[in-house]
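Residue numbers 178 to 339, in my numbering, belong to the letters of the sequence shown in order.
Cβ atoms here follow ideal geometry from the backbone N, Cα and C, with glycine treated the same way.
Note that the structure is a prediction, hence the values are computed from the model and not measured.
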Amino acid sequence: MSTITISGNVQHTITIDPGVWIFDDRKVDLDTYFSQKTQNHNDREGEKLAKAFDLHRKEGASVLTNGNNVTVSKKELTEKSYGIPLFPFLENAAPLDNAKEVIFERSEGEDFTCPIEEAKEGIIGFSFKGKPLSENGPLHFYYNDGSNKQSPIKNIYNIKIK
């Protein structure tokens with residue numbers, strides 16, 4: 178699996194390795210995610226930060242971590258299809274105030290462009306049935322509502338903010 182760059186109209190160009198997302202607790206099971214009632218990713222990230230802040234205040238100073246507790250089931254990792262919210266990665270790149278669109282550069286077919294607000298709500302697929310998306314990947318883009326679950330945007334190798 179190759180690294181992906183988020184670049185363009187951003188304060189920070191970010192290089193990410195989708196191969197490590199399998200161990201990230203933010204990953205979602207693509208087989209069940211779209212059938213469950215989901216929240217806005219902004220709300221979820223805010224809730225995580227608030228919970229971490231409250232815990233820190235209650236317990237006093239403690240060892241700083243990124244809050245990513247790794248819990249792995251080998252069976253799940255080899256059988257499920259996973260994605261991860263795009264929101265935190267776009268936020269870390271810090272799009273400039275005049276950024277309006279996200280361009281998903283594709284190795285096959287035309288590049289796909291969507292409004293930045295829609296992209297922030299989206300899910301990036303990175304594995305299918307326990308395997309990296311090597312044939313038509315390395316990434317797929319899904320709208321948060323699952324409207325393109327059966328036909329995601331495939332062959333994404335780079336993300337640009339315009």
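Selected residue, minimal CA-CA separation from residue i, among the options
i              : options                           : result
valine 187     : Asp201, Ile261 and Ala271         : Ala271
threonine 290  : Pro309, Ile191 and Tyr320         : Tyr320
isoleucine 293 : Ile336, Asp206, Ser212 and Gln213 : Ile336
isoleucine 261 : Asp274, Leu273 and Asp201         : Asp201
proline 195    : Lys326, Tyr259 and Lys297         : Tyr259
leucine 273    : Ser179, His189, Trp198 and Thr182 : His189
Buried versus exposed, by CB contacts within 10 Å (16 or more), residue i
i              : result
glutamine 216  : Only weak support is given to the placement of glutamine 216: the predicted model assigns it a pLDDT of 49, under 50, and the value that follows is read from those uncertain coordinates. Per the 10 Å Cβ criterion, exposed.
threonine 192  : exposed
valine 205     : buried
serine 304     : buried
lysine 308     : exposed
glycine 286    : exposed
asparagine 269 : exposed
threonine 180  : exposed
asparagine 332 : buried
valine 279     : buried
Reduced DSSP secondary structure (H/G/I, E/B, other) of residue i
i            : result
tyrosine 320 : coil
serine 212   : helix
lysine 363   : The shown model of the chain, from 178 to 339, leaves out residue 363, and the question about it has no answer.
glycine 196  : helix
Under 8 Å between C-beta atoms of residue i and residue j
i              : j             : result
leucine 310    : glycine 323   : no
isoleucine 330 : histidine 317 : yes
asparagine 282 : tyrosine 334  : At residue 282 the sequence reads glutamate, which differs from the asparagine that was named. Yes, they are a contact pair.
Any non-hydrogen atom of the ligand ATP within 7 Å of residue i CB
i              : result
asparagine 325 : Here there are no bound small molecules, and the ligand ATP is not part of this structure.
### Query
Along the chain, which unbroken stretches of the alpha helix (DSSP H) at least 4 residues long are found entirely within the stretch 256 to 294?
Entirely contained in the stretch 256 to 294, the alpha helix (DSSP H) runs reaching 4 residues are, in chain order, 264 to 270.
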